[in-house]
Amino acid sequence: MRHMEGPLLSVDIGAREATTEAIDDTLAEFIGGRGVATKLAHDRVPFDADPFGPENRLYLTTGPMQASQMSFTGRMSLTGVSPLTDGLLSSNAGGFMSRNFADTGNAAVELVGASDELLAVHVRDDGVTFEEVPDLAGADVPAVCDYMAEEHGLDDEHVACIGPAGENQVRFACVMTSRSRAFGRGGLGAVMGAKNVKAVTFEGDDALDVDLPGLGGDIHREAATSDNIMKRQGTASVTDLGNEMEAFPTRYFSERSFEGAERINGDAVESKKYKKGTCSQCAFACKLPTRDEERGVETEGPEYETIMAFGGNCAVDDVVDVMKSNELCDRLGMDVISCGDTVAAYLETQDAFGDAELVHETVEQIAHREGIGDVLAEGVDRAHDELGVENWSVKGMEFPAHDGRALNGQGLSFAVSNRGADHMYATFYAYEYPLVSREEAFDPDGIGNEKAEKLIELENTRALEDCGVVCRFSRGMMTPERFATLFDADFEELLSVGGRVVELERHFNNERGFDRGDDQLPYDIDGLDAALSRYYEARGWTDDGIVPEPGQSPTAAD
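Pasting the structure below:
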């Protein structure tokens with residue numbers, strides 16, 4: 053089985069020391085990316101670790117595909133205990149850093165401990181240096197990137213950093229890379245802030261040589277020549293469909309479609325797009341560099357989830373206002389979904405839906421924990437009682453679009469996901485809109501055994517992609533046969549790798565107290581309770597949602 057190669061680089065932030073150790077067995081078993089990081093975190097982070105404590109660890113990882121020239125491979129993974137969900141969580145980011153990371157010759161980089169001074173950590177193929185950066189305290193993401201370019205000659209694609217939100221331990225703070233790409237969900241930027249690390253940079257010339265079969269070139273050509281609306285509108289292209297199917301949360305989840313959707317939809321976003329955008333080596337080019345010269349707003353996006361969170365859920369129907377919210381989150385370093393939902397909760401308390409100026413003011417307040425922002429920086433799960441609103445979260449994570457009240461299989465996925473309400477954990481919504489062929493599609497209504505079993509397959513496949521690391525938008529091009537060829541293994545064997553990753557995450561969270569009671573939704577779906585039992589049974593877990601022993605369940609071991 054093809055896998056990442058290289059050592060684990062362990063960086064002790066407090067002692068300012070770096071050591072390497074071989075992790076060959078872990079790489080052979082888990083390929084790379086999310087799988088390797090999950091195994092390392094499961095074995096090396098105490099089950100009772102405080103997410104903000106020095107005992108929590110952050111793992112930056114990529115996979116064997118990042119040493120190739122194939123499309124859909126400009127990605128990497130960040131893993132740690134989430135301050136938002138309190139569970140083990142991996143977040144995935146695109147952009148251009150993954151190959152610079154691979155060029156350092158390390159398979160994984162682990163950040164351990166915490167510093168008394170604000171630091172930048174520079175990882176090179178010949179070692180690690182620590183730089184005190186007090187002048188970057190409170191700096192936003194562009195300012196950090198500008199500093200690294202001016203002082204170290206490092207372009208944005210070499211830099212992973214946090215903005216003021218991470219320093220202020222906003223529970224949904226991001227780690228940003230390539231200036232506008234985010235390790236978005238789960239607040240791992242706040243963990244980096246708790247360690248007092250402002251930035252980590254990567255540079256080297258020691259990449260793994262990967263000799264892919266000719267199939268890699270075939271996939272690259274298909275990505276370049278395919279006629280796909282995503283290449284013009286990104287995920288914003290889903291807006292009208294989601295709205296028509298009443299799967300588009302509006303006015304803090306009180307409604308499921310937005311009368312102003314056509315003013316913030318894919319066409320509206322495309323009208324502001326001024327050039328193509330992509331990730332490293334990818335010919336698909338689905339990113340959205342947008343600009344409004346009249347108002348002086350320039351950003352990358354908004355994608356569909358941002359359109360939902362800062363558009364429909366806040367009842368804002370001006371695409372430039374949504375672009376501005378997107379730009380603020382990128383600059384300050386916050387997850388657009390959690391931030392937008394939390395702002396929407398506040399708008400409900402103020403009877404201020406549609407007030408874009410208040411939205412932007414509140415985003416700034418959250419990042420700096422000023423005024424009401426100090427409450428909102430805790431996220432919906434921790435703030436809803438004080439605000440007097442419903443708790444629209446699962447395991448502490450705020451909801452994306454693809455409303456489970458309309459797409460019931462996606463609702464089940466939200467409930468059981470180890471990351472909480474995260475649409476990318478299984479992407480079941482694609483089978484219910486559907487965004488796949490009719491032969492593969494599911495009726496969005498109801499949850500039967502077939503959906504629980506399909507969900508397991510999808511979770512395992514998504515985990516496999518995150519080990520690779522291969523982009524979600526390769527759907528249709530990365531078939532099981534192609535996975536088997538590229539990773540030099542039977543596809544069922546590869547799926548078992550994904551199953552082990554899901555199970556290790558669940559086991560870690562079980563040890564922190566998670567069980568069936570956490571696999572719940574803030575709304576009713578007929579058949580959910582029976583579907584949970586079927587899902588656990590098929591996974592080989594107890595009816596309480598607990599892993600008896602990691603690696604022994606049918607979906608992890610077979």
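If you're matching positions, the sequence shown starts at 53 in our numbering and goes up one per residue. Note that beta-carbon positions come from the ideal geometry of N, C-alpha and C, so glycine has one too.
{"query": "Taking buried to mean at least 16 other C-beta atoms within 10 Å of its own C-beta, is ASN220 buried or exposed?", "result": "buried"}
{"query": "Quick check on DSSP: helix, strand or coil for ASN35?", "result": "Here the chain covers residues 53 to 610 and nothing more, so residue 35 does not appear."}
{"query": "With which residues is VAL395 paired in a DSSP beta bridge?", "result": "BP columns for VAL395 are empty, so no partner."}
{"query": "Going by the CB atoms, is the gap between LEU60 and GLU73 shorter than 7 angstroms?", "result": "yes"}
{"query": "I need the boundaries of the alpha helix (DSSP H) containing GLU322, first residue and last residue.", "result": "318–322"}
{"query": "Relative to the C-alpha of GLU416, which residue among GLY528, THR394 and MET476 is closest?", "result": "THR394"}
{"query": "Using the rule of at least 16 other Cβ atoms within 10 Å of the residue's Cβ for burial, across every protein chain shown, is LYS327 buried or exposed?", "result": "exposed"}
{"query": "Could you compute how far the alpha carbon of PHE566 sits from the alpha carbon of ALA478?", "result": "20 angstroms"}
{"query": "With the cut-off set at 7 angstroms, would you say THR253 and LEU206 are in Cβ contact?", "result": "yes"}
{"query": "Touch check for the stretch 423–434 and the stretch 261–272: three-plus C-beta pairs under 8 angstroms?", "result": "no"}
{"query": "Just confirm the distance between the C-beta atoms of PHE148 and SER278, as a whole number of angstroms; I'd bet it's less than 8 angstroms.", "result": "The pair is not a contact, with the Cβ atoms about 22 angstroms apart (cut-off 8 angstroms)."}
{"query": "From the DSSP output, read off the bridge partner residues of CYS213.", "result": "MET228 and ALA251"}
{"query": "Could you tell me the distance, in whole angstroms, from the CA atom of ILE215 to the CA atom of ALA191?", "result": "According to the sequence as given, residue 215 is Gly; it is not Ile. Rounded to whole angstroms, GLY215 to ALA191 spans 6 angstroms at the Cα level."}
{"query": "If you count every other CB in all the chains shown that lies within 10 Å of the CB of TYR575, and 16 or more means buried, which is it?", "result": "exposed"}
{"query": "Can you tell me the Cα-Cα spacing of GLU57 and HIS412, whole angstroms?", "result": "44 angstroms"}
{"query": "Express the C-alpha separation of GLY551 and ALA609 in angstroms, rounding to a whole number.", "result": "Bear in mind that the predicted position of ALA609 carries a pLDDT of just 49, short of 50, making it too unreliable to give a figure here."}
{"query": "Once DSSP output is grouped into helix, strand and coil, what is the label at THR287?", "result": "helix"}
{"query": "Inspect the CB distances between the stretch 444–460 and the stretch 130–144 and report whether three or more fall short of 8 angstroms.", "result": "yes"}
{"query": "If you compare alpha carbons, which of VAL88, ARG176 and PRO98 is closest to SER142?", "result": "VAL88"}
{"query": "For MET244, which three-state DSSP category applies?", "result": "helix"}
{"query": "Going by alpha carbons, who is nearest to ALA217 out of CYS226, GLU209 and ALA335?", "result": "CYS226"}
{"query": "Just checking my contact of ASP540 with ARG308 at CB under 8 angstroms: how many whole Å lie between their CB atoms?", "result": "45 angstroms between Cβ atoms; not a contact."}
{"query": "Suppose contacts are defined by Cβ-Cβ distances below 7 angstroms. Is LEU140 in contact with PHE560 by that definition?", "result": "yes"}
{"query": "Just how far apart, CA to CA, sit MET529 and PRO194?", "result": "35 angstroms"}
{"query": "Give a yes or no on whether the C-beta atoms belonging to ASN460 and ILE499 are separated by under 7 angstroms.", "result": "yes"}
{"query": "Are the CB atoms of ASN248 and HIS210 within a distance shorter than 7 angstroms?", "result": "no"}
{"query": "Taking DSSP as the reference, what is the three-state secondary structure of PHE466?", "result": "helix"}
{"query": "Check for me: the beta strand (DSSP E) holding HIS174 runs from which residue to which?", "result": "171–176"}
{"query": "How long is the line joining the alpha carbons of ARG44 and SER306, rounded to whole angstroms?", "result": "Lying before the first or after the last residue shown, residue 44 is absent from the chain, which here runs from 53 to 610."}
{"query": "Between which two residues does the alpha helix (DSSP H) holding PRO341 run?", "result": "Unbroken run through PRO341 is the beta strand (DSSP E), 341–344; no alpha helix (DSSP H)."}
{"query": "Taking 8 angstroms as the limit between beta carbons, can you name the residues of its chain near ASP595, skipping five residues before and five after?", "result": "ARG568, SER585, TYR588 and GLU589"}
{"query": "I'd like the span of the alpha helix (DSSP H) that includes PHE161, first residue to last.", "result": "A small correction: the amino acid at residue 161 is Val; Phe does not occupy that position in the sequence shown. Premise fails: VAL161 lies in the beta strand (DSSP E), 160–164, not in any alpha helix (DSSP H)."}
{"query": "Just the C-alpha distance for GLY256 and GLU409, rounded to the nearest angstrom, thanks.", "result": "44 angstroms"}
{"query": "Span of the alpha helix (DSSP H) holding GLY87?", "result": "85–96"}
{"query": "Grouping DSSP H, G and I as helix and E and B as strand, with all else coil, what is PHE182?", "result": "strand"}
{"query": "Taking the alpha carbon of ASP292 as the reference point, which residue from MET282, CYS523 and GLY318 has its own alpha carbon closest?", "result": "GLY318"}
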